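**Student:** Okay, so the sequence shown: first residue is -14 according to this note's numbering, each after it adds one. One structure is given below, represented as structure tokens, and several questions about it will come after.
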Amino acid sequence: RSAVEITQETLERITTLEPKVKAFLTVTAENALAKAQQVDQKIAAGEEIGILEGIPIGIKDNMCTQGIKTTCGSQILANFVPPYESTVTQKLQAAGAVAVGKTNLDEFAMGSSTENSSYQLTANPWELTRVPGGSSGGSAAAVAASECVVSLGSDTGGSIRQPASFCGVVGLKPTYGLVSRFGLVAFASSLDQIGPFARNVEDAAIFLSAIAGYDERDSTSLKVEIPDYTQYLQPELKKGLKVGVIKETFGDGLDSVVAERVQSAIAKLEELGAEVKEISCPRFRYGVPAYYIIAPSEASANLARYDAVKYGIREDAENLVEMYTKTRATGFGDEVKRRIMIGTYTLSAGYYDAYYLKAQKVRTLIKQDFEQAFADVDVLVSPTCPSTAFKAGEKTDDPLAMYISDLMTIPVNLAGLPGMSIPCGFDEAGLPIGLQLIGNVLREDILFHVAHAYE
Ligand code: GLN
-14 RSAVEITQET LERITTLEPK VKAFLTVTAE NALAKAQQVD QKIAAGEEIG ILEGIPIGIK
46 DNMCTQGIKT TCGSQILANF VPPYESTVTQ KLQAAGAVAV GKTNLDEFAM GSSTENSSYQ
106 LTANPWELTR VPGGSSGGSA AAVAASECVV SLGSDTGGSI RQPASFCGVV GLKPTYGLVS
166 RFGLVAFASS LDQIGPFARN VEDAAIFLSA IAGYDERDST SLKVEIPDYT QYLQPELKKG
226 LKVGVIKETF GDGLDSVVAE RVQSAIAKLE ELGAEVKEIS CPRFRYGVPA YYIIAPSEAS
286 ANLARYDAVK YGIREDAENL VEMYTKTRAT GFGDEVKRRI MIGTYTLSAG YYDAYYLKAQ
346 KVRTLIKQDF EQAFADVDVL VSPTCPSTAF KAGEKTDDPL AMYISDLMTI PVNLAGLPGM
406 SIPCGFDEAG LPIGLQLIGN VLREDILFHV AHAYE
């Protein structure tokens, strides 16, 4: 089939499913068809084609797309049309991908259920009364519902892996610095990282090969050669591969059915020839408290730019201070305001040492736990989340319950490591469960290798 036909089919599927799933904030049908036409012309002319030529993709709505509204799920950016393109989306365009739209997210990527979007609720395609996870819930749901083949998410504390787990798809948060953040609207800059959602490991490998790489416009971008990640996909597991099971992630609060399925997945890895051993990461449990100081601190600084002058909406006011306050009061939702207040507090004189600095020290200790673990094993495994997808509304009044759902993913961001969630079964209700694989710095190769052999 031609790229135009594939795009048309995808757009039709979106039209049919969106009233129920609501994964997209903007569908860019015209642009997609125009791009598909270009692809077909290129193929007809016998030109060299990119690795994603004609493939329909979704883009989380916190990545800037030139001339296409980029809202971050926030009212404050309701009218924001970026004058420039983010590096990732530019690379995808160059690789021939056909972007079909911008996907829903928790406002400024703050949340774990996509319920903090100020626009719409996205449903979990497996069971519409349940959340798709978050914050990249739209991107995960879109791939799970086959409204696109692959999509882009961002992960600050679990926002790719947790929704991947809830929606039964593959989700990868690469090593910090592997994928350029240029054009990604900043939440917590030292933690944010862009990565793929896909229906299988191979698609994720192809997609990462297309988006990774050094970018001089991102000062934290790593100067490393990017391999073709598909070369690590082999049917058999490498001999002597050591898998560490993080003991602490099997403690209190873990659903028994999740524990069971993840244990069977680990048993399967052993059958495939892996050497499995238990590993202790004793400081892991301080991840959530440290994260909820570091992330809000960085967010409070990053979100100071929404001053009604440079971006987005502006409320009428008598003077400058009133303009700031009125705009920010109406433009930001409750969770974003909560984070700004926490972050402003933890960074303020007198409290900085007690909170922010302390949290940074904890971050170092968590890194040390991982360093010790990787002296012993090649890859670490854990459940991705303590539970399967919860019901919409179940945790909206209890921010702490919501924060806890990232228990197992947050330490990975604090240490800057690559983490992947792959489907590993279902609970009694038929909801998907995710297995998390964690690699050492820049060892995406091992994650792809193990995930593919498992799959
Ligand atoms: N759920 C976490 C938070 O609310 C992580 C979000 C993310 O990774 N963007 O901060």
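Glycine residues also receive a C-beta, built at the ideal position from the N, C-alpha and C atoms. Computed from a predicted structure; not experimentally measured.
Contact defined as beta carbons within less than 8 Å: I believe S333 pairs with Q421. What is the distance between those atoms, to the nearest angstrom?
**Tutor:** Contact doesn't hold; Cβ gap of about 35 Å is too wide.
**Student:** Leaving out five residues before and five after I36 in sequence, what residues of the same chain have Cβ atoms less than 8 Å from its Cβ?
**Tutor:** Counting only Cβ-Cβ distances below 8 Å, and skipping sequence neighbours, we find A80, G81, I191, S194, A195.
**Student:** Give the secondary structure of N398 by DSSP, where H, G and I count as helix, E and B as strand, and everything else as coil.
**Tutor:** In the structure shown, N398 sits in a helix (DSSP, three-state: H, G or I).
**Student:** The ligand GLN heavy atoms versus the CB of F172: any closer than 8 Å?
**Tutor:** At least one heavy atom of the ligand GLN is nearer than 8 Å to the Cβ of F172, so yes.
**Student:** DSSP three-state call for K311: helix, strand or coil?
**Tutor:** In this structure, K311 counts as helix in the three-state DSSP scheme.
**Student:** Excluding the 5 residues flanking N109 on each side, which residues of the same chain have their C-beta closer than 7 Å to its C-beta?
**Tutor:** Contacts found: R115, V116, P117, A126, F151, C152, A374.
**Student:** Assuming S406 is part of the beta strand (DSSP E), what are its boundary residues?
**Tutor:** That run of the beta strand (DSSP E) goes 404 to 411.
**Student:** Would you report the Cα separation of R202 and V6, rounded to the nearest angstrom?
**Tutor:** One C-alpha to the other measures close to 35 Å.
**Student:** Closest to T329 by CA distance: which of A280, R299, K311 is it?
**Tutor:** Checked all of A280, R299, K311; the closest Cα to T329 is A280.
**Student:** The ligand GLN and T141: does any heavy atom of the ligand fall closer than 8 Å to the residue's C-beta?
**Tutor:** Within the cutoff, so yes.
**Student:** Is F398 a contact residue of the ligand GLN, with contact defined as CB to any heavy atom under 8 Å?
**Tutor:** One detail in the question is off: residue 398 reads as Asn in this sequence, not Phe. Indeed, a heavy atom of the ligand GLN lies less than 8 Å from the Cβ.
**Student:** For E100 versus F317, is the C-beta spacing smaller than 9 Å?
**Tutor:** No, Cβ-Cβ distance for E100 and F317 is not below 9 Å.
**Student:** Expressed to the nearest angstrom, what Euclidean distance is found between the alpha-carbon atoms of V230 and E132?
**Tutor:** One C-alpha to the other measures close to 35 Å.
**Student:** With DSSP as the reference, please indicate the residues paired to E444 in a beta bridge.
**Tutor:** Outside the displayed range of the chain (-14 to 440) lies residue 444, so it cannot be described from this structure.
**Student:** Sorted by chain position, which residues of the same chain lie with C-beta nearer than 7 Å to I278's C-beta, five sequence neighbours on each side aside?
**Tutor:** Result list for I278: T331, Y340, Y341, A344, in chain order.
**Student:** Below 8 Å, is the gap between the Cβ of A280 and the nearest heavy atom of the ligand GLN?
**Tutor:** Checking the Cβ of A280 against the ligand GLN gives yes.
**Student:** Using three-state DSSP, classify N109 as helix, strand or coil.
**Tutor:** Strand.
**Student:** Between the stretch 169 to 185 and the stretch 410 to 428, can you find at least three pairs of beta-carbon atoms closer than 8 Å?
**Tutor:** No, they do not touch.
**Student:** Consider the C-beta atom of G119 and the heavy atoms of the ligand GLN; say whether any pair is separated by less than 8 Å.
**Tutor:** Result yes, Cβ under 8 Å from the ligand GLN.
**Student:** For the beta strand (DSSP E) that contains D140, what are its first and last residues?
**Tutor:** Here the beta strand (DSSP E) through D140 covers 135 to 140.
**Student:** With distances taken from CA atoms, which of A275, V155, V347 is nearest E142?
**Tutor:** The question names Glu, yet the displayed sequence has Gly at residue 142. Cα-wise, what sits closest to G142 is A275.
**Student:** Below 8 Å on the Cβ atoms is my guess for G86 versus F9; work out the distance and round it to an integer in Å.
**Tutor:** Yes, G86 and F9 are in contact; Cβ-Cβ is about 4 Å, under 8 Å.
**Student:** For V186, which residues from the same chain have a beta carbon less than 8 Å from its beta carbon, with the 5 sequence-adjacent residues on both sides left out?
**Tutor:** V155, L218, I407, F433, A436, H437, E440, listed in sequence order.
**Student:** Please confirm whether any heavy atom of the ligand GLN lies closer than 8 Å to the CB of Q357.
**Tutor:** Not under cutoff, so the answer is no.
**Student:** Quick one: Cα of S103 to Cα of K346, how far?
**Tutor:** Going by the C-alpha atoms only, they are around 35 Å apart.
**Student:** Compute the minimum distance between the beta carbon of Q147 and the heavy atoms of the ligand GLN, and state whether it is under 8 Å.
**Tutor:** Yes, since a heavy atom of the ligand GLN falls inside the 8 Å radius drawn around the Cβ of Q147.
**Student:** Out of curiosity, what's the CA-to-CA distance linking K54 and V294?
**Tutor:** So the two alpha carbons sit approximately 18 Å from each other.
**Student:** Less than 8 Å separating the Cβ of V250 from some heavy atom of the ligand GLN?
**Tutor:** For the sequence presented, residue 250 should be read as Ala rather than Val. Flag unset: Cβ of A250 not near the ligand GLN.
**Student:** Are there any heavy atoms of the ligand GLN lying less than 8 Å away from the beta-carbon of D91, as far as the coordinates show?
**Tutor:** Yes; taking the cut-off as 8 Å, the Cβ of D91 has a heavy atom of the ligand GLN nearer than that.
**Student:** Count the other CB atoms, across all protein chains shown, that sit within 10 Å of the CB of N398; report buried if there are 16 or more and exposed otherwise.
**Tutor:** Its Cβ being crowded by 16 or more others within 10 Å, N398 is buried.
**Student:** Sorry if obvious, but does the Cβ on A94 come closer than 8 Å to a heavy atom of the ligand GLN?
**Tutor:** Yes, since a heavy atom of the ligand GLN falls inside the 8 Å radius drawn around the Cβ of A94.
**Student:** Are the beta-carbon atoms belonging to V134 and I42 less than 9 Å from one another?
**Tutor:** Contact flag set, yes.
**Student:** Taking just the CA atoms, how far does A30 sit from A(-12)?
**Tutor:** One C-alpha to the other measures close to 14 Å.
**Student:** Ends of the alpha helix (DSSP H) at P274?
**Tutor:** Where P274 is concerned, the enclosing alpha helix (DSSP H) stretches over 272 to 287.
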